[in-house]
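Trainee: Protein chains in written order, with our numbering: chain F, -3 to 377; chain S, -3 to 377; chain L, -3 to 377; chain G, -3 to 377.
We put the CB at the ideal spot given by N, CA and C, even for glycine.
Have a look at this one before I ask anything.
There are 4 protein chains.
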Amino acid sequence: MTEARKLRMGMVGGGPGAFIGPVHRIAAELDGKIELVAGAFSQSPERSRRSADMYRIDPARAYADYRQMIEAERKRDDGIDFIAIVTPNHLHLPVASAALDAGVPVMSDKPATATYDEALQLEAAVAKSGLPYALTHTYAGYAMVREARAICAEGKLGAIRKVAVEYLQGWLSRPIEETGQKQAQWRTDPARSGPGGAIGDIGTHAFHLLEYVSGLKVTAINATLRTVVPARKLDDDCNAFVRMSNGAAGTLACSQIAAGEMNEIRIRIYGESGSLDWRQQDPNRLVVKWLDRPEEAYHAAASYLGRDALAVARTPSGHPEGYFEAFAVLYREFADALEAWKQGSANPLPPTLPGIAAGVRGMRFIERAIASNAKEGWVDF
Amino acid sequence: MTEARKLRMGMVGGGPGAFIGPVHRIAAELDGKIELVAGAFSQSPERSRRSADMYRIDPARAYADYRQMIEAERKRDDGIDFIAIVTPNHLHLPVASAALDAGVPVMSDKPATATYDEALQLEAAVAKSGLPYALTHTYAGYAMVREARAICAEGKLGAIRKVAVEYLQGWLSRPIEETGQKQAQWRTDPARSGPGGAIGDIGTHAFHLLEYVSGLKVTAINATLRTVVPARKLDDDCNAFVRMSNGAAGTLACSQIAAGEMNEIRIRIYGESGSLDWRQQDPNRLVVKWLDRPEEAYHAAASYLGRDALAVARTPSGHPEGYFEAFAVLYREFADALEAWKQGSANPLPPTLPGIAAGVRGMRFIERAIASNAKEGWVDF
Amino acid sequence: MTEARKLRMGMVGGGPGAFIGPVHRIAAELDGKIELVAGAFSQSPERSRRSADMYRIDPARAYADYRQMIEAERKRDDGIDFIAIVTPNHLHLPVASAALDAGVPVMSDKPATATYDEALQLEAAVAKSGLPYALTHTYAGYAMVREARAICAEGKLGAIRKVAVEYLQGWLSRPIEETGQKQAQWRTDPARSGPGGAIGDIGTHAFHLLEYVSGLKVTAINATLRTVVPARKLDDDCNAFVRMSNGAAGTLACSQIAAGEMNEIRIRIYGESGSLDWRQQDPNRLVVKWLDRPEEAYHAAASYLGRDALAVARTPSGHPEGYFEAFAVLYREFADALEAWKQGSANPLPPTLPGIAAGVRGMRFIERAIASNAKEGWVDF
Amino acid sequence: MTEARKLRMGMVGGGPGAFIGPVHRIAAELDGKIELVAGAFSQSPERSRRSADMYRIDPARAYADYRQMIEAERKRDDGIDFIAIVTPNHLHLPVASAALDAGVPVMSDKPATATYDEALQLEAAVAKSGLPYALTHTYAGYAMVREARAICAEGKLGAIRKVAVEYLQGWLSRPIEETGQKQAQWRTDPARSGPGGAIGDIGTHAFHLLEYVSGLKVTAINATLRTVVPARKLDDDCNAFVRMSNGAAGTLACSQIAAGEMNEIRIRIYGESGSLDWRQQDPNRLVVKWLDRPEEAYHAAASYLGRDALAVARTPSGHPEGYFEAFAVLYREFADALEAWKQGSANPLPPTLPGIAAGVRGMRFIERAIASNAKEGWVDF
């Protein structure tokens, strides 16, 4: 590495009141390889300026339009190296397409797009561009998720027979979208969210985690979607049976009306001789249970972990890493991929980093879940 | 109560090698109101005698046939007051019927019978007899299950919206029925178990717990039953969607191939403003989570608990009570009911003690789950 | 065993309002080897009769005086085989002595006596009598305590370096002895409790657990005893440093003013290469942590456990056993010892069952802790 | 705020192989108010350059001497605003003094200095300089520690009676300082660590947490320090009794030979009517137990928390924040204080941010613990 400068990031979305914008900024910068330098934070010039102030970046690089940002930054010597998309879902495709067309790599919040059709369009655009594109399925960045993934890949549990993944929240138990809560508003609005409510917002995370950890594909689904809070326009509680590519089966659940739950993400994988159990609210611990020997708890950063889990540890065991650190792992991998790509690598994304293929799978999941619910029965993937 | 003698129990089943016979003996005697005095422990006279020795009861009261026991005991001044049925399922109906016909009250292991039709026959027989009949749905005896039930009944969570119950074991992950393991043998044999495998053995417990705690009825079910271990004759892994009588919905899962699980029974009930969460493996603790105030943990025997939970506590908080104590609560309530009945009460069973109605529900559940699985879709109850 | 009758127990203490009397009855009878048949439950004849009624035993065998019980029972063909002492501490020595003098074996609640001098007297009396005498240090009956003990004995942790044992309760946070609470009254009264308050009531349990599990002896102690609640006559909060016979060191804490704690008993033992951690409020789980491999959780009744732990399991893994079952293990071992003794065994008590030596150690502990506190420094044992 | 530029940090220490340097960099930059721009990372020019590369900063601002850095940076328009000291302890005083003399504010790793005398010197230097000086007692940055502190301050538990704090690690269970492990080497070397081993490295954290959360001062201590691993030159296992300024008492424990422990920091505070319990390995949860109502668990970022806890939350409940985020809270408060100071505030440090007074207390603690150990008894503070 002759020159060790940081990669420069431009953000689209993340203006005042946004939750996920600052999260992306922290995650992107955490490992010291990236710095936020520009942003089309809001469509209002004044609000975009205020965001620049909040982020302490040059106000001249706060734009009110992403196309304008792409245009202006490409003319600078110190212009952005990539964009991060943190808008509501309906803007994911247009923003990503514009960036890719302009030769700018993309790190996008999930889900990839608002609809499955859009995802296929985006997939084509990514392929055509030859540019790095990745997706922040945050939970894939946890060290113990990577350990779980390695355990499955190595067959330590025997053949996988049964799976159970859930993502439960309670924050939409009441119709807070009617009271002006911004996060609730766009997530319950089909025009900005797409056809999936909970299934799109958090079900896609559960789905991704399931395929990511198990190493299997979902081949069929039987989903029931409910809208529990009256007058809400999208689903807020979903249960599904799934069949996996190796013949295993199980369940996927997500809910935003599970009153009392915070952000309860849990995955359990059962094999012939043992099982694993991970919960995001206790993320540095992975429980592995065996048929005929003591239950084990693996801890992040412990010397006995596999390569993938150790690669992402920043602190010794017992110093908890959390949500930002998991998020930052994805950005770190993206930064490394970007540098490799700049140096000519044709296929720089590591298999641990979710890309457009995962994005298409996620959108297919939403589409299939909705189809299954309409049919009240199984549909194939 | 002028005379404070113990009630005399005769056991059917529970011979050498049985697991549940000694459990019933301990549970029945634990609160000092019942003593085991006789038994048709085995169809082999010699084995029945050996059991009498093990139980340290009069060998003259070890019988090889339950009809013979009923006959002989009714002639004694100190004859049995009731029978406990602890045989495999296919004998539940004939034994219970014989007892009821002879005027002997019945405490039966679950499920009530081997098939739904049998359950209806038994229901008629119980009604005709006017005798106390109860069913050992063990988990209904835990103090914190009763607290959970009271919380739901009092509407503290608001209207119930979502339920999730699971009962996971791993002990049938391998075909141990082929190696002569007695418990596995009869449970995987349709001739002795009835048409349900895991769904009958433990699914009925989960189902009962769900209706018992929520105070709601299951009105429809969509179940998938799998037989994961090759050559096994009955289901060993089941997932179901359920709809409840108030419009709530959720899931019921049971498995005996969840490798690494021991006896993981868990119930979660979500209402409009909070939820509760109970796990049998941490039975003296009930977690209650609220939408907008701190999560709570209620502990068995604590002064702030409701009447039903406090009624069954035997020790101060922090002295763990477990499986035997929960089981014994049912026997204690049965003993009290029996004494009330002897003194003329027509309807002595308390609402907290599962009776024939719960037994019929359980058998209906098995029948409906199998029908749903065959249909690959929803069936009504 | 030609005849399989139950052993007959006579209880001293345990009258109306007592907590520990019914616990002893349940524990004694739980494994089906013992039955309560007689009692000097109270010094009031009427109250003793009421207890007989409650226990559903023959009212003719309810005595108002333990000497009278011993006398009367020895004349019966079906007289008692041993006595259980469940009185306040100051009666332990006189009752035990009377029984031993009359040739009656003794199962005593802890502590052995009210003072260390009395313990030495009792030790001599036991030795002289040649009779079985055991002490209900309840926590020694837990399966996972026995596993912990075996792990230490086998040196699996390497040489023990550090220990930490604690027993924390909060129920005496307020002066409830002034409001007539019977349990609080005698425990805070030196005339009935002896010179130790918390240190005697629960500190002795912690001390016993420490020596029992570690296999080491305490050789020196530096204790601070406090009386936190004003006007209380005995200590209610104690912290101590301890030195162990192999050079290890650590802490022993007990408190009855730890507001919010229920019955928090915990022992941690650190060796050169790992450590173990057991909590009574989660009794069926033993955590073993290693320097360089994954943390383990051992579960009661699991096949991989050692002989001593498996010997006391009554249910498959995942069916929680608790306080009564632990207590009952001691009674079961006592029953077996009694039968062996009747058949001529000179030394029938198994090493797992606390006897008079443990009783003397416990009283020495109280005496040394008080001496250390007075001196404000270390004292040898 | 007219100009929203980031504050510029120069680091002293943190060269190749260091653990805590990158932690400081991440923590300092996490909230977007600070950027690392310069460093005297190592006394070797070449190693300091390599660090600049790793941190991706201008190689011209990598210095081999902190005096040189202070000198050179003051001449730049974009020179550093403050220094962060992340060296071994023996350099804390000289580096801090040099910075303060040059008018440069200081953020220092703990402990403040190598000895108590040095701490007094530093205290004088800070006072004389009038410059902001803060100390990274990391655990003070956790949201739930702040909630615990507020609960104590508001008297919600009633008067505090009993305290227990512990900090247990196992990583020095073997003499790894002999194998070249850099972290172990300097920590076990009196020339670089000062007179305290575990007591200085982690005991000071426990001590600070105790005073910080309880709001009380330690007024006397009785400590036993041991060196368990042969040939080690400093203590590696310590237990202490403490007396608090309001008459409460309790224990403080720290160990680096607690094999199997990772970074087990726990604090329990018992008041008249309840208690609180916090563990760093589950940092987003604070357990509060009451004498007569259900146990509560407070979760980070929940709406019912107090102002201080909510002020430091960055994510909604259920998205775990960890060690870096706690660390970053201190840097954020330092950045805010620095800006206030630049605008003329004379006393800009908030009470939640540990400063030189806490540093002096910590060094006094080490000195007193060693004195108590030598005396084998109580010493006053």
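Can you pull the chain F neighbours of S:L385, defined as C-beta to C-beta under 8 Å?
Mentor: One cannot answer for residue 385 of chain S here, as it falls past the ends of chain S, which runs -3 to 377.
Trainee: Given this structure, state the Cα-to-Cα distance separating S:A108 from S:T247, to the nearest angstrom.
Mentor: In a straight line, the C-alpha of S:A108 is about 23 Å away from that of S:T247.
Trainee: Is the CB-CB distance between S:S368 and S:N235 below 7 Å?
Mentor: Result no, Cβ atoms of S:S368 and S:N235 do not sit closer than 7 Å.
Trainee: What residues of chain F sit near S:G373, judged by a beta carbon separation below 8 Å?
Mentor: By Cβ distance, chain F contributes E372 and G373.
Trainee: Could you check the C-alpha separation between G:I362 and G:G192 for me, to the nearest Å?
Mentor: When rounded, the distance between both Cα atoms is 6 Å.
Trainee: Taking the continuous alpha helix (DSSP H) assigned at G:A68, which residues delimit it?
Mentor: First-last of the alpha helix (DSSP H) with G:A68: Y62 to R70.
Trainee: Under a CB-based cut-off of 7 Å, is F:S313 close to chain G?
Mentor: Closer than 7 Å: yes.
Trainee: Select from F:L3, F:A0 and F:I22 the residue whose C-alpha is nearest the C-alpha of F:Y319.
Mentor: Answer by Cα proximity: F:I22.
Trainee: Mind checking who F:F78 pairs with in its DSSP beta bridge?
Mentor: DSSP, once it has assigned bridges, lists F:M5 as partnering F:F78.
Trainee: Classify L:I253 as helix, strand or coil using the three-state DSSP reduction.
Mentor: Coil.
Trainee: Are the stretch 93 to 100 of chain G and the stretch 69 to 82 of chain G touching by the rule of at least three beta carbon pairs closer than 8 Å?
Mentor: Output reads yes: the stretch 69 to 82 of chain G touches the stretch 93 to 100 of chain G.
Trainee: Quick one: measure Cβ to Cβ for L:G166 and G:L287, integer angstroms, because I've assumed they're closer than 8 Å.
Mentor: Sure, about 6 Å apart at Cβ, within 8 Å.
Trainee: Beta-carbon within less than 7 Å of F:A354's beta-carbon, same chain only, minus the 5 sequence neighbours each way: which residues are those?
Mentor: Answer for F:A354: L131, H133 and H204, listed in chain order.
Trainee: Tell me whether the stretch 52 to 72 of chain L and the stretch 33 to 44 of chain L touch, counting them as touching only if at least three CB pairs, one residue from each stretch, are closer than 8 Å.
Mentor: Output reads yes: the stretch 33 to 44 of chain L touches the stretch 52 to 72 of chain L.
Trainee: Provide the residue(s) that pair with G:D376 in DSSP beta bridges, ordered along the chain.
Mentor: Paired residue(s): G:A216.
Trainee: Report the rounded CA-to-CA distance for S:M(-3) versus S:Y327, giving the unit in angstroms.
Mentor: Low confidence applies to S:M(-3): its pLDDT is 41, below 50, so where it sits in the model is not reliable, and the reading given next is rough at best. Rounded to whole angstroms, S:M(-3) to S:Y327 spans 19 Å at the Cα level.
Trainee: Alpha carbon to alpha carbon, what distance is there between F:A187 and F:E260?
Mentor: The alpha-carbon atoms of F:E260 and F:A187 are separated by roughly 27 Å.
Trainee: In whole angstroms, what is the alpha-carbon distance linking G:Q277 and F:A245?
Mentor: The straight-line gap from Cα to Cα measures roughly 34 Å.
Trainee: Between the alpha carbons of S:Q252 and S:A194, how many angstroms are there, rounded?
Mentor: Roughly 6 Å separates the two Cα atoms.
Trainee: What's the C-alpha gap between L:P84 and S:I265?
Mentor: Distance between the alpha carbons of L:P84 and S:I265: 45 Å.
Trainee: Who are the Cβ neighbours of L:A370 in its own chain at under 6 Å, not counting the five residues just before and after it?
Mentor: If we look at L:A370 and ignore the five residues flanking it on each side, it has no Cβ neighbours.
Trainee: Look at the alpha carbon of L:D231 and the alpha carbon of G:A365, and state the distance between them as a whole number of angstroms.
Mentor: Spanning the two alpha carbons is a distance of roughly 26 Å.
Trainee: Does the beta-carbon distance from F:A331 to F:L127 come in below 7 Å?
Mentor: For F:A331 and F:L127, no; Cβs fall outside 7 Å.
Trainee: Spatial neighbours of S:G11 within its chain, please: C-beta separation below 6 Å, excluding the five flanking residues on both sides.
Mentor: Excluding sequence neighbours, S:G11 sits near F37, S38, R43 and S47.
Trainee: Express the C-alpha separation of G:L116 and G:F377 in angstroms, rounding to a whole number.
Mentor: Those two C-alpha atoms are separated by around 15 Å.
Trainee: Using a Cβ-Cβ cut-off of 7 Å, state whether G:F361 counts as contacting chain F.
Mentor: Not one chain F Cβ lies under 7 Å of G:F361.
Trainee: Compute the Euclidean distance between the alpha carbons of S:A298 and G:G302, then round it to the nearest angstrom.
Mentor: S:A298 and G:G302: Cα-Cα distance of roughly 28 Å.
Trainee: Compute the distance between the beta-carbons of G:V283 and G:A296, then report whether it is under 7 Å.
Mentor: No, Cβ-Cβ distance for G:V283 and G:A296 is not below 7 Å.
Trainee: Suppose contacts are defined by Cβ-Cβ distances below 7 Å. Is S:L206 in contact with S:N242 by that definition?
Mentor: Going by C-beta atoms, S:L206 is not nearer than 7 Å to S:N242.
Trainee: For a contact meaning CB atoms closer than 7 Å, what does L:E317 contact in chain F?
Mentor: Under the 7 Å cutoff, chain F gives no residues; its nearest Cβ is about 18 Å from L:E317.
Trainee: Look up F:A0 in the DSSP assignment and say whether it is helix, strand or coil.
Mentor: Residue state, collapsed to three classes: coil.
Trainee: Report the three-state DSSP secondary structure of L:F237 (helix, strand or coil).
Mentor: In the structure shown, L:F237 sits in a strand (DSSP, three-state: E or B).
Trainee: Determine the contact status of L:E257 and L:L168, defining contact as a CB-CB distance below 7 Å.
Mentor: No, the Cβ-Cβ distance between L:E257 and L:L168 is not below 7 Å.
Trainee: Is F:L32 near F:Y51, with beta carbons less than 7 Å apart?
Mentor: Yes, Cβ-Cβ distance for F:L32 and F:Y51 is below 7 Å.
Trainee: I want to see whether chain G comes within less than 7 Å of S:A293, judged by CB atoms only; does it?
Mentor: For S:A293, the answer is yes, since a Cβ of chain G falls inside 7 Å of its Cβ.
Trainee: How would you label G:N280, buried or exposed, when you count the other beta carbons within 10 angstroms and need 16 or more for buried?
Mentor: Looking at its Cβ environment, which holds 16 or more other Cβ atoms inside 10 Å, G:N280 is buried.
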